[in-house]
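Residue numbers (our numbering): 1 to 146.
Note that the Cβ used here is the ideal one computed from N, Cα and C, for glycine as well.
Presented below is the structure to which this report refers.
Dropping the structure here:
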């Protein structure tokens, strides 16, 4: 994406904690286009993230997307597949019930590396709130020696 000269978007940053102690964060732009991008971070420290990097975050916010993501269970492994899908859905539920002005029209899961696998699992989950999934470098064929 190329930044548009003179375009300004304001956004509000939110944080919270789920019942298992996972931290969640969300950034909601004004105006919001009605779509939430649920970001799943890759393997590594269990720190909440709602985008892969600050430049991508700003570009997505400037397009009107709300961003959300969790840290995954802070008491779990960095290889967080046991809890990550539930933690992400808990984060999304918290964002929908406390932050957003109305229910999202769409929820798109996206993630990087292990987060790409988590995003694919979110889309496959029964009764998923996810309308689509984008994996960036997702290890969807399985992890090796992790």
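When the beta-carbon positions are compared, residue 30 and residue 51 stay at least 8 Å from each other. Residues 73, 74, 75 of the same chain have their beta carbon placed closer than 8 Å to that of residue 21, with the five preceding and five following residues left out of the count. In the three-state reduction of the DSSP assignment, residue 103 falls in the coil class.
Under the three-state reduction of DSSP, residue 62 is assigned to helix. Contact holds between the segment 83-94 and the segment 58-71, because three or more Cβ pairs, one in each stretch, are under 8 Å apart. The segment 53-64 makes no contact with the segment 95-108; the number of CB pairs closer than 8 Å stays below 3.
Judged by DSSP in its simplified three-state form, residue 90 adopts helix.
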